[in-house]
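Read through the structure below, which is laid out as structure tokens, and then see the notes.
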């Protein structure tokens with residue numbers, strides 16, 4: 400069975416990744432499971448740059464095919480914030496309850512049509528032969544007025560998807576994987592991997 404390392408320690412992400420790649424006959428390891436303990440400086444200015452930095456660092460440490468994602472929330476009214484700083488917004492150890500409350504507060508009085516936002520996900524694959532490929536996907540929505548839902552993680556409870564009339568934290572895991580930025584990017588990456596392995 401082929402081995403793949405996903406450069407994250409986030410258990411919520413690992414669960415989604417394993418569900419979406421379940422049909423690929425892969426052994427999928429987190430950084431910790433692969434024995435990697437790196438402090439990677441994500442100093443890129445785009446999601447693409449950060450995903451590539453992470454994928455290459457972990458690939459070099461393990462020698463295995465490595466995927467890494469950089470994802471975040473872009474709020475149009477806040478000039479694209481928190482963007483590439485989504486995980487580090489208000490400090491890395493700040494809870495998402497506080498981050499979400501802060502964003503809702505900053506949008507106080509802003510009408511729904513100006514609360515447009517999107518989740519962006521870029522997945523980079525660093526192959527053992529030095530090749531790097533990326534896949535990018537988004538899901539469009541608006542920022543709600545309160546946290547809603549217990550599923551998902553991070554900014555999911557405040558990200559409202561009008562077509563489903565609920566937040567991404569109120570979607571079932573199956574629904575979320577079908578429409579989410581990470582689900583779409585992972586499915587693109589699946590095709591990139593299949594093509595690479597068919598050569």
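Residue numbers (this note's numbering): 400 to 598.
All C-beta atoms, glycine included, are put in the ideal place defined by N, C-alpha and C.
Treat the numbers as computed from the prediction; the structure is a model and nothing was measured.
Determine the extent of the alpha helix (DSSP H) in which residue 483 is found, giving its start and end residues. Counted from its first residue, the chain shown places residue 483 at position 84. Premise fails: residue 483 is in no alpha helix (DSSP H) and is neither H nor E.
Pairwise C-alpha distance: residue 546 and residue 529: Walking along the chain shown from the start, residue 529 turns up at place 130. Walking along the chain shown from the start, residue 546 turns up at place 147. In this model, residue 529 and residue 546 are separated by some 42 Å (Cα to Cα).
Residue(s) in a DSSP beta bridge with residue 471: Here the question's residue 471 lines up with position 72 in the chain shown. BP columns for residue 471 point to 519.
Length of the line joining the Cα atoms of residue 521 and residue 508: Position 122 of the chain shown holds residue 521. Position 109 of the chain shown holds residue 508. Roughly 32 Å separates the two Cα atoms.
Could you check if residue 507 belongs to the surroundings of the ligand FAD, using beta carbon to heavy atom distance under 7 Å? Although the ligand FAD was asked about, the structure shown includes no ligands whatsoever.
Shortest alpha-carbon distance to residue 449 belongs to which of 482, 474 and 420? As a working mapping, residue 449 is identified with position 50 in the chain shown. It is 482.
If you compare alpha carbons, which of 551, 419, 402 and 401 is closest to residue 582? Taking the chain shown and counting its residues from 1, the one referred to as residue 582 is at position 183. Closest by alpha carbon: 419.
Please work out which residues of its chain come closer than 6 Å, Cβ to Cβ, to residue 568, disregarding the five sequence neighbours upstream and downstream, and give them in chain order. Start at 1 with the first residue of the chain shown, and residue 568 comes out as number 169. Excluding sequence neighbours, residue 568 sits near 548, 550, 551, 555 and 556.
For residue 495, report the span of its alpha helix (DSSP H) as first-last. As a first step, residue 495 is located in the chain shown; it is residue number 96 there, counting from the start. It spans 495-505 - the alpha helix (DSSP H) in which residue 495 sits, taken as one unbroken run.
Decide if residue 414 is buried, meaning its Cβ has at least 16 other Cβ atoms within 10 Å, or exposed. Numbered from its first residue, the chain shown carries residue 414 at position 15. So residue 414 ends up on the exposed side.
CB contact flag (residue 464, residue 405, <8 Å): As a first step, residue 464 is located in the chain shown; it is residue number 65 there, counting from the start. As a first step, residue 405 is located in the chain shown; it is residue number 6 there, counting from the start. Their beta carbons are not under 8 Å apart, which means residue 464 does not touch residue 405 by this criterion.
Please classify residue 473 as buried or exposed, where buried requires at least 16 neighbouring CB atoms within 10 angstroms. Residue numbering aside, residue 473 sits at position 74 when the chain shown is read from its first letter. Answer is buried; the Cβ neighbour count reaches 16.
May I ask you to verify whether the region 583-590 touches the region 530-540, counting CB pairs closer than 8 Å and requiring at least 3? The region 583-590, when compared against the region 530-540, does touch it at the 8 Å Cβ threshold.
Please check the pair residue 491 and residue 517, which I expect to be a contact at CB under 8 Å, by giving their CB distance rounded to whole angstroms. Taking the first residue of the chain shown as 1, we reach residue 491 at position 92. Taking the first residue of the chain shown as 1, we reach residue 517 at position 118. That belief does not hold up - the Cβ atoms of residue 491 and residue 517 are roughly 23 Å apart, past 8 Å.
With respect to the beta strand (DSSP E) encompassing residue 540, which residues constitute its N-terminal and C-terminal limits? Indexing the chain shown from 1 puts residue 540 at position 141. Counting along the chain, the beta strand (DSSP E) containing residue 540 begins and ends at 531-542.
Counting along the chain, where does the alpha helix (DSSP H) carrying residue 446 start and finish? Here residue 446 refers to the residue found at position 47 when the chain shown is read from its first residue. 446-461 is the extent of the alpha helix (DSSP H) around residue 446.
Closest by CA to residue 579, which one among 597, 558 and 598? The residue given as residue 579 occupies position 180 in the chain shown. Taking only the C-alpha atoms, the option nearest residue 579 is 558.
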